[in-house]
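Structure first, commentary second.
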Amino acid sequence: MTEAFLDVRNVSRRFAPRLSFGDRIAGKLGQPIDARVTHAVDGVSLAIAKGEALGLVGESGCGKSTLGRVIAGILPPSEGTTAVAGEPVMSQGPRRHKTTTRVQMIFQDPFASLDPRMQVGDTVAEGPIAHRLTTRAQARDYVGRWLTTVGLDPGFAARYPHQFSGGQRQRIAIARALAMQPDMLVCDEPVASLDVSIQAQIINLFLKLRRELNLTMLFISHDLGVVRHLCDRVAIMYLGRIVELGETQAVYAAPQHPYTRALLDSVPKLMLDDHETTAFKPIAGELPSPLAPPPGCHFHLRCPLVQPICRQERPPLRAVLPGRESACHFAPFPPGLRRLR
Amino acid sequence: MTRPSQNGPLLEVDDLATHFFTRAGVIRAVDGVSFSLKRGEVMGLVGESGSGKSVTGFSLLGLIDPPGRIVSGSVRFDGQDLVALPPAQLRRLRGRKIAMVFQDPATTLNPVVTIGDQMRMALEAHGVRGEQRTRERSVAVLTRVGIPDAARRLKAYPHEFSGGMRQRVAIAIALLHDPALLIADEPTTALDVSIQAQILAEMRGLVADLGMALIWISHDLATVSSLADSIAVMYAGRIVEAGPTAAVLRDPRHHYTRGLLDSLPARAEPGRDLVQIPGTTPSLLALPPGCAFAPRCPRADETCLAMPALVSDGLRRHRCHHPLGLEGAP
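In order, the protein sequences belong to chains S and A.
Residue 1 is where the first sequence starts when you use my numbering, and the numbers rise one by one after that.
Residue 1001 is where the second sequence starts when you use my numbering, and the numbers rise one by one after that.
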């Protein structure tokens, strides 16, 4: 593998509810406390090369957004480190904060991520001025340049978010991220709330930005089709862990983890024959609670191939084929095994 | 109680128009929509936000609040015109003969009432009474939609169910009275793909076993194609194309349908620019004259300034002056 531009090492992120005063005293006195800790991200390591786009795919609650926020420096990890171009994203010590502007984030809902009472020009200029990428005097031209880059009229800078459609707002959010001149973008479901025709426009914008700015991207999505289109490699996440990682085309063609297989089989396909019907092969059961993940392999409760070892031992993410990692005890699977049941 | 219309269409919507009279102007959310549906048929109603697909669904049930109003057209269901029906009579049909499932089960279920009580109320509203009967019926439909241990779950509150299970509960409530028609408005949009696949498989089984007609409102062509016998594509308040699902999606006649299909990343070569529909959906307050899609259409010319008529060949319908695949035809 090429040199890691983004280097995520053994990152975990847990969320614990604030304990009451009484519980804290009881804890200090050695009483067992009911710490309902959510293991959102559980020992994830991954690397992204310069200019590469990695898709991060999983269902709701799998921890993909939390991992994205850790990588973007919005949340400190409970354990582990992330670094961009050798520089750590977060400072160490008791009051951890983001120490780089090289990573910027784009969020799902452009109705929530823009301040409704700020002119969009000011929204885009705020960060660059604070970090001295531009000055107040030059901000107008600077903002205009980035609005043009994302396909908006520079004259829109004086308008407010409510004057824009969803697609245009997402362009503004992208301009705001780009105006910080990042090397890397973390995009959390950036097209999920957009209509199909607008989604295509934003996907095309991402393709253009990658070509022109050589951006490195982490693209978080539940939409396997969008990821296949935009990303060189894909990481499949299940209940806080990465279960498969590899080149997008190859993973889709021959998945090496039962969950990936099941996920791909769940996606409805466009049926164009008159009497064709999809044989839906829904994954049995639902995502277990991240408050109490099952022991061993997290997928074993729903896995059609489950064996006794899966209930006891956590399968490590390991190379199973050239350029492919899988966290299944039984990977690699023979090429003939297209269907699991 | 069999009616003479047993073999005819169950639902016939003719020239339905629902407008909203706002201070900013008249919004023609649904403007001249016509379609029909047989018993046991699944129709996909497809469109983007603001196309009028949900308002069409609400209009069928008479669920339009001021400033909105059904201004014209008729909705013939099982021989009765629902638009002309007095509210009290419509209420007797709604939830019994025609039921609806919405996108977000978290907002349609009452959070402070147990599932069992909500189902009992829904049954009593249409005259099914008695502890034993309501309970048995509730357990039967919950089991039918795949809720394990249904008898025990009657005591649970909505928040004790996952999103997918909550949607199943909402579907179960809709099925309580064995409706002849179920209208489902984006019922899987908020769900994960693996749960969506479960619900789709369940839906298909329900339609096959119960023989009810289903209107599946969605923006997702793939789910519609795997479920619906027929499809109607809406744009700016009008049906622009309709017909058998596979035929329409395989060789669309309207440029908007073509554009939607081309926008799907699943059909494109990875990494290549998607063929995108330029521009955005027009504001319903300021629709362009003639064909509303003309400003975004690659084939638009001056003829498109006049509203194209809905052309039907008996099987397929389209509303376009320059239909695809029919060049040279009159």
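We treat Cβ as the ideally placed atom computed from N, Cα and C, and that holds for glycine.
Predicted model, so just to flag it, every value in this text is computed and none were measured.
Quick check: residue i and residue j, are their CB atoms within less than 9 Å of each other?
i, j, result
"Val1193(A)", "Ser266(S)", "yes"
"Phe333(S)", "Ala254(S)", "yes"
"Cys328(S)", "Pro308(S)", "no"
"Leu317(S)", "Val227(S)", "no"
"Pro1308(A)", "Cys1291(A)", "yes"
"Leu1182(A)", "Met1234(A)", "no"
"Asp1273(A)", "Asn204(S)", "yes"
"Leu1214(A)", "Ile1231(A)", "no"
"Glu1186(A)", "Val196(S)", "no"
"Ser1225(A)", "Gly1044(A)", "yes"
"Lys1038(A)", "Ile1217(A)", "no"
"Val186(S)", "Arg13(S)", "no"
"Leu1287(A)", "Ala1236(A)", "yes"
"Arg1135(A)", "Ala1151(A)", "yes"
"Ala177(S)", "Gln104(S)", "yes"
"Arg291(S)", "Glu59(S)", "As written in the sequence, residue 291(S) is Leu, which differs from the Arg given in the question. No, the Cβ-Cβ distance between Leu291(S) and Glu59(S) is not below 9 Å."
"Val342(S)", "Leu54(S)", "For chain S, the structure presents residues 1 to 341; residue 342(S) sits outside this window and is missing."
In angstroms, rounded to a whole number, what distance separates the CA positions of residue i and residue j?
i, j, result
"His1318(A)", "Thr248(S)", "38 Å"
"Phe1020(A)", "Gln199(S)", "28 Å"
"Arg18(S)", "Arg24(S)", "9 Å"
"Arg114(S)", "Met1121(A)", "According to the sequence displayed, residue 114(S) carries Leu and not Arg. One C-alpha to the other measures close to 43 Å."
"Phe330(S)", "Cys297(S)", "12 Å"
"Arg136(S)", "Thr99(S)", "23 Å"
"Ile236(S)", "Leu230(S)", "15 Å"
"Leu305(S)", "Pro258(S)", "8 Å"
"Met1(S)", "Met184(S)", "Because the pLDDT at Met1(S) is just 47, under 50, the model does not fix this residue reliably, and the value given afterwards should be weighed accordingly. Straight-line Cα distance between these residues: approximately 19 Å."
"Ala192(S)", "Asp232(S)", "20 Å"
"Gly240(S)", "Ala16(S)", "15 Å"
"Arg341(S)", "Asp122(S)", "Reliability of the predicted coordinates at Arg341(S) is poor, the pLDDT of 41 falling under 50, and no value is obtained from them."
"Cys310(S)", "Ser289(S)", "18 Å"
"Ile1064(A)", "Val1030(A)", "12 Å"
"His131(S)", "Pro1265(A)", "37 Å"
"Ser20(S)", "Pro294(S)", "27 Å"
"Asp1301(A)", "Asp188(S)", "40 Å"
"Ala262(S)", "Pro282(S)", "7 Å"
From the DSSP output, in three-state form, read off residue i for me.
i, result
"Leu340(S)", "For Leu340(S), the predicted model reports a pLDDT of 48, less than 50, meaning its position is unreliable and no value from the coordinates is stated."
"Pro1265(A)", "helix"
"Phe1161(A)", "coil"
"Val321(S)", "In the sequence as presented, Val is not what sits at residue 321(S); that position holds Leu. Strand."
"Tyr1235(A)", "strand"
"Asn204(S)", "helix"
"Phe1335(A)", "Absent from the model: residue 1335(A). The displayed extent of chain A is 1001 to 1330, so no value can be given."
"Lys98(S)", "strand"
"Val1193(A)", "helix"
"Cys1304(A)", "helix"
"His1019(A)", "strand"
"Val150(S)", "coil"
"Ile174(S)", "helix"
"Pro1330(A)", "Here the model assigns Pro1330(A) a pLDDT of 45, short of 50, so the residue's position is not dependable, and the following value carries that caveat. Of the three classes helix, strand and coil, the one that applies to Pro1330(A) here is coil, per DSSP."
"Gln249(S)", "helix"
"Glu1012(A)", "strand"
"Pro1295(A)", "helix"
Quick one: is the Cβ of residue i within less than 8 Å of any heavy atom of the ligand ATP?
i, result
"Gly285(S)", "Annotation note on the ligand ATP: not contained in the displayed structure, which lists no ligands."
So residue i contacts chain A; which residues on that side make the cut at Cβ distance below 7 Å?
i, result
"Ile203(S)", "Pro1265 and Leu1274"
"Gly167(S)", "Thr1280"
"Val267(S)", "Val1193"
"Met271(S)", "Ser1225, Ser1226 and Ala1246"
Listing by chain order, which chain S residues have their CB less than 7 Å from the CB of residue i?
i, result
"Thr1056(A)", "Those do not exist, as Thr1056(A) stays about 17 Å from chain S at its closest Cβ, beyond 7 Å."
"Ser1049(A)", "Asp195"
"Leu1260(A)", "Val196 and Ser197"
"Gln1198(A)", "Pro282"
Counting only Cβ pairs nearer than 9 Å, list the residues of chain A close to residue i.
i, result
"Leu239(S)", "In chain order: nothing, as chain A lies at least about 13 Å away."
"Ile172(S)", "What Ile172(S) touches in chain A: nothing, since even the nearest Cβ is about 14 Å away."
I'd like to know whether the C-beta of residue i is nearer than 9 Å to at least one C-beta of chain B.
i, result
"Gln108(S)", "Among the protein chains in the structure shown, which are S and A, there is no chain B."
Name the chain S residues whose beta carbon is nearer than 8 Å to that of residue i?
i, result
"Leu1109(A)", "Within 8 Å Cβ-Cβ: nothing; Leu1109(A) doesn't reach chain S, min ~18 Å."
| Using a beta-carbon distance cut-off of less than 9 Å, what residues from the segment 1201 to 1223 of chain A approach chain S? | Ala1201, Glu1202, Arg1204, His1219, Asp1220, Leu1221, Ala1222 and Thr1223
| message | Under 9 Å, CB to CB, which of the residues in the segment 1158 to 1187 of chain A have a partner in chain S? | response | Ser1162, Gly1163, Gly1164 and Met1165
| query | What residues from the segment 113 to 139 of chain S come within 8 Å of chain A, judged by C-beta to C-beta, listed N to C? | reply | none
| Residues of the segment 1273 to 1295 of chain A with Cβ closer than 7 Å to any Cβ of chain S, in chain order | Asp1273, Leu1274, Gln1276, Ile1277 and Thr1280
| said: Residues of the segment 1295 to 1321 of chain A in Cβ contact with chain S at a cutoff of 7 Å, in chain order, please. | reply: none
| said: Using a Cβ-Cβ cutoff of 8 Å, what residues of the segment 1118 to 1146 of chain A are near chain S? List them in chain order. | reply: none
| task | Anything in the segment 182 to 197 of chain S with a Cβ closer than 7 Å to a Cβ of chain A? List those residues in chain order, please. | result | Asp195, Val196 and Ser197
| message | Please identify, using Cβ separations under 8 Å, the residues of the segment 1238 to 1257 of chain A that lie next to chain S, in order along the chain. | response | Pro1244, Thr1245, Ala1246, Ala1247, Leu1249 and Arg1250
| said: Using a Cβ-Cβ cutoff of 7 Å, what residues of the segment 217 to 245 of chain S are near chain A? List them in chain order. | reply: His222, Gly225, Val226, Arg228 and His229
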